[in-house]
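If you count by this note's numbering, then the sequence shown holds residues 342 to 485, one letter each, in order.
The beta-carbon is built from N, C-alpha and C at its ideal position, and this holds for glycine as well.
Take a look at the structure below.
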Amino acid sequence: MEASRGEVVRASGRARAWALGLGVAGASGIWAVTAPARRAVEAAGAAGADDATLAAAVRAVDGLAMGFVVVSALMATWLTWLGVRIWTGARFPPEGMPVVRDTRVRRGAAARRLAVAAFVLAAALLLAGAAQLVLVRRLLSALS
342 MEASRGEVVR ASGRARAWAL GLGVAGASGI WAVTAPARRA VEAAGAAGAD DATLAAAVRA
402 VDGLAMGFVV VSALMATWLT WLGVRIWTGA RFPPEGMPVV RDTRVRRGAA ARRLAVAAFV
462 LAAALLLAGA AQLVLVRRLL SALS
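The following block contains the structure:
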């Protein structure tokens with residue numbers, strides 16, 4: 342359906358509920374994952390910690406870093422998919438995509454600029470995730 346120049350995609354209550362649910366799930370996941378890692382590191386930092394406690398702390402930090410790499414990769418994959426949809430359709434938001442707030446439709450060059458921004462952000466997320474993993478692994482190998 343071709344729309345007028347001032348077309349606006351109306352906000353979806355379902356999209357808002359999904360966004361809220363993902364935010365709560367993400368915050369809960371971060372809390373659930375970091376709390377045991379924090380306890381392991383605190384126990385390892387105690388005076389006279391044995392090798393098993395130190396090894397548990399190293400495993401906890403390494404697992405935490407790997408978890409963040411996986412999340413970064415998933416977000417980068419989604420951003421790449423979104424960028425491809427925007428680029429091929431020359432429209433943002435892509436046809437049929439629910440939005441959390443009323444969004445003015447952008448077409449042509451304006452939409453393609455947003456697609457490029459999505460690609461750049463996806464690449465930055467992948468690089469940051471990989472760099473974090475490399476740095477944590479090097480730090481942990483230097484400590485052991």
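Residue i, DSSP secondary structure in three states
| i | result |
| --- | --- |
| Arg351 | coil |
| Arg445 | strand |
| Val402 | helix |
| Pro439 | coil |
| Asp391 | coil |
Per-residue burial, residue i [other beta carbons within 10 Å of its own, 16 or more giving buried]
| i | result |
| --- | --- |
| Leu420 | buried |
| Leu423 | buried |
| Val411 | exposed |
| Leu363 | exposed |
Expected contact under 8 Å - CB spacing of residue i and residue j to nearest Å
| i | j | result |
| --- | --- | --- |
| Ser353 | Pro439 | 4 Å |
CB of residue i within 8 Å of CB of residue j, strictly
| i | j | result |
| --- | --- | --- |
| Ala385 | Ala398 | yes |
| Phe433 | Ala406 | no |
| Phe409 | Gly470 | yes |
| Asp396 | Leu467 | The residue asked about is misnamed: residue 396 is Ala in this sequence, not Asp. The answer is no: Cβ separation not under 8 Å. |
Those residues which DSSP pairs with residue i across a bridge
| i | result |
| --- | --- |
| Phe460 | Looking at the DSSP assignment, Phe460 forms no beta bridge with any residue, so it has no partner. |
| Phe433 | Arg447 |
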